[in-house]
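Asks:
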Amino acid sequence: MFESSSKVQKASVLILPSKISWTKNEKPSKTSKKLIFNSLLIFLALHGLCLANQRPYHTFLKFLAVFYHILWLIGAIGTMSCLIQLPSSFYTFSAVVKVVTLCKWWILFRTRIRIYYFIRALDRLHIQLIGQSPSFHKTLKIALFILVLFIFGPGINNVYNTITKDTVVANCFHVHIPLPNKAARAVAYFLIQTNHQLINWSLSYLVNLLIIFCCLELGQLIDALAKNANRNFDETLLGIHQQLFDTILMMEDCLSLTCFFVLIRLYMEFFRIFSLLFNFVRGKSQSVSVFNASMYSVITGALFVFMIFAADNVQKRFNSLQRSLVKKSVQRELSQGKSLSGFQSLVWGESIVLTGWGIFELKKKLLLSTLASLITYGVLLQQLQQ
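Residue numbering for the sequence shown is 1 to 386, as defined by UniProt numbering.
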């Protein structure tokens with residue numbers, strides 16, 4: 001997640017990951033204690049991914065994992081059937097989104113223990129610097145409530161269209177099930193559409209929230225450490241600073257690949273939305289209502305922008321803290337004639353540049369290039385379908 005700003009600094013940064021040990025620090029208890037972001041971790045556990053403790057993979061979690069893969073398979077068969085029956089860019093990007101989502105599940109599964117240690121490290125730093133009060137508790141609950149609405153919303157909307165406008169057509173897997181009447185077809189379509197929403201969005205949305213709130217928590221810890229430095233600058237504070245620095249490197253180690261797939265998934269979702277809106281304007285029979293596309297647009301855009309700016313904010317706050325601590329350390333050395341033993345960690349940290357997912361430090365260029373790509377895609381799509 002971090003790159004050095006010069007060759008001289010890079011040499012010192014490269015040795016730091018070897019200082020990180022997932023077991024050398026205080027080991028968390030195997031009992032399931034309440035962590036920060038506990039409600040988010042519960043939702044992830046419903047997908048068969050346990051990030052809240054070190055326990056072996058329980059039978060119930062195995063069942064949830066298998067169940068999630070079965071739902072994914074049903075959704076993938078539906079998307080491929082629609083792509084064969086009704087070839088379109090929308091179903092193409094939908095298939096890509098499903099593949100990326102499955103890759104993300106396996107990446108999280110392989111790194112779940114390291115993510116747990118990282119969250120425990122955040123939890124300990126939070127207690128040291130802020131106290132027992134949970135971080136962003138209400139905001140996180142609101143975000144999870146939005147997820148529930150977002151999963152069921154398009155399904156309800158499609159049922160409404162099915163009942164009022166009879167939009168069911170027998171040329172796609174969604175409605176290629178022999179059912180006796182419109183009501184039965186509406187219920188089946190609701191369940192299938194909800195499954196698509198669950199597979200396409202649920203895990204991706206939760207991972208997005210995990211990354212965003214981890215960045216927000218790191219920013220909060222940096223601010224708390226800066227306030228403590230203004231009151232009492234000593235060896236203990238530099239020790240906490242080193243813990244914070246190691247925690248940031250732990251985040252890089254356990255979430256960097258996940259973040260890469262998060263960006264791919266959001267980028268594909270932008271093109272999927274654009275295809276959906278374009279088909280709707282042209283009146284294609286397989287189009288879902290503009291209401292669904294609007295929901296996709298708002299959620300995708302918000303997650304895309306929030307994740308970029310949350311990560312960029314951590315970079316700015318951490319570098320500002322570094323400059324402040326270096327200045328205080330130099331002033332202390334000039335006034336007392338001796339430097340603190342933890343001063344070297346400040347030199348290491350000074351070279352941190354948050355380029356976590358390759359391009360976050362270029363956020364303006366990233367946003368503009370995304371917009372330009374969408375416009376170009378729209379023009380090409382229109383020319384090809386005329």
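Using N, Cα and C, we set each Cβ at its ideal position, and we do this for glycine too.
(1) Mapping DSSP to helix, strand and coil, what is Phe37?
(2) Of all the options Leu73, Ile70 and Trp105, which has the alpha carbon lying nearest to the alpha carbon of Ala45?
(3) Compute the Euclidean distance between the alpha carbons of Ile156 and Leu255, then round it to the nearest angstrom.
(4) Find the nearest neighbour of Leu225 within the set Trp201, Gln128 and Val207, judged by alpha-carbon distance.
(5) Are three or more beta carbon pairs between the segment 100-116 and the segment 200-219 nearer than 8 angstroms?
(6) DSSP three-state label for Ala224, please.
(7) What does the Cβ neighbour count give for Val187, buried or exposed, with the cut at 16 atoms within 10 Å?
(8) Is the number of C-beta pairs between the segment 308-324 and the segment 216-230 that are closer than 8 angstroms three or more?
(9) Check whether the Cβ atoms of Leu71 and Asn200 lie closer than 7 angstroms to each other.
(10) On the premise that Leu83 lies in contact with Ala95, defined as a C-beta separation below 8 angstroms, what is that separation, rounded to the nearest angstrom?
(11) With a threshold of 6 angstroms on Cβ separation, who are the neighbours of Cys50 within its own chain once the five nearest residues in sequence on each side are excluded?
(12) Can you tell me which of Phe43, Leu73, Ala183 and Phe278 puts its alpha carbon nearest to the alpha carbon of Leu102?
(13) Kindly indicate which residue of Met250, Met80, Thr92 and Phe109 has the alpha-carbon position closest to the one of His47.
(14) Flag this pair as yes or no: are the beta carbons of Phe271 and Phe152 separated by less than 7 angstroms?
(15) Apart from the five residues just before and just after Met80, which ones in its own chain have a Cβ nearer than 7 angstroms to its Cβ?
(16) Tell me which residues share the same chain as Leu147 and place their Cβ nearer than 6 angstroms to its Cβ, disregarding the 5 neighbours each side in the sequence.
(17) Taking the alpha helix (DSSP H) that Ala183 belongs to, which residues open and close that run?
(18) With Thr92 as the anchor, note down where its alpha helix (DSSP H) starts and where it stops.
(19) Report yes if the C-beta distance between Leu321 and Thr300 is below 7 angstroms; otherwise report no.
(20) Alpha carbon to alpha carbon, what distance is there between Pro154 and Arg185?
(21) Rounded to whole angstroms, what's the CA-CA distance from Thr111 to Ser297? Just pull it up for me.
(22) Ser39: buried (16+ other C-beta within 10 angstroms of its C-beta) or exposed?
(23) What are the start and end residues of the alpha helix (DSSP H) that includes Gly75?
(24) If you count every other CB in all the chains shown that lies within 10 Å of the CB of Lys98, and 16 or more means buried, which is it?
(25) Measure how close the beta-carbons of Leu276 and Phe90 come, nearest whole angstrom, since I'm counting them as under 8 angstroms.
(26) Between the beta-carbon of Leu237 and the beta-carbon of Asn230, is there less than 7 angstroms?
(27) Within 10 angstroms of its Cβ, does Gln234 collect 16 or more other Cβ (buried), or is it exposed?
(28) State the Cα-Cα distance for the pair Phe306 and Ile107, rounded to the nearest angstrom.
(29) Excluding the 5 residues flanking Gln243 on each side, which residues of the same chain have their C-beta closer than 7 angstroms to its C-beta?
(30) Can you grab the Cα-Cα spacing for the pair Ile42 / Ala76, in whole Å?
(31) Whole angstroms are fine: how far does the CA of Met251 sit from the CA of Leu257?
(32) Helix, strand or coil for Leu147, going by three-state DSSP, please let me know.
(33) His58 to Leu64, Cα distance in whole Å?
(34) By Cβ distance, which residues of its chain are closer than 7 angstroms to Lys138, with the 5 residues on each side in sequence left out?
Replies: Well, looking at it:
(1) coil
(2) When each option's Cα is compared against that of Ala45, the closest is Trp105.
(3) 34 angstroms
(4) Looking only at Trp201, Gln128 and Val207, the smallest Cα-Cα distance to Leu225 is reached by Gln128.
(5) Using a C-beta cut-off of 8 angstroms, the segment 100-116 makes contact with the segment 200-219, since at least three inter-stretch Cβ pairs fall below that distance.
(6) helix
(7) exposed
(8) Touching, per the Cβ criterion.
(9) no
(10) 6 angstroms
(11) Leu61
(12) Leu73
(13) Phe109
(14) no
(15) Ala95
(16) Within the same chain, and ignoring the five residues on either side of Leu147 in sequence, the residues whose Cβ sits closer than 6 angstroms to its Cβ are Tyr205.
(17) Where Ala183 is concerned, the enclosing alpha helix (DSSP H) stretches over Lys182 to Gln197.
(18) Ser89 to Arg110
(19) no
(20) 16 angstroms
(21) 30 angstroms
(22) exposed
(23) Thr59 to Gln85
(24) Answer is buried; the Cβ neighbour count reaches 16.
(25) The pair is a contact, with the Cβ atoms about 5 angstroms apart (cut-off 8 angstroms).
(26) no
(27) The sequence given here has Asp at residue 234, not Gln. Asp234 comes out exposed.
(28) 22 angstroms
(29) Leu125
(30) 25 angstroms
(31) 11 angstroms
(32) helix
(33) In a straight line, the C-alpha of His58 is about 10 angstroms away from that of Leu64.
(34) none
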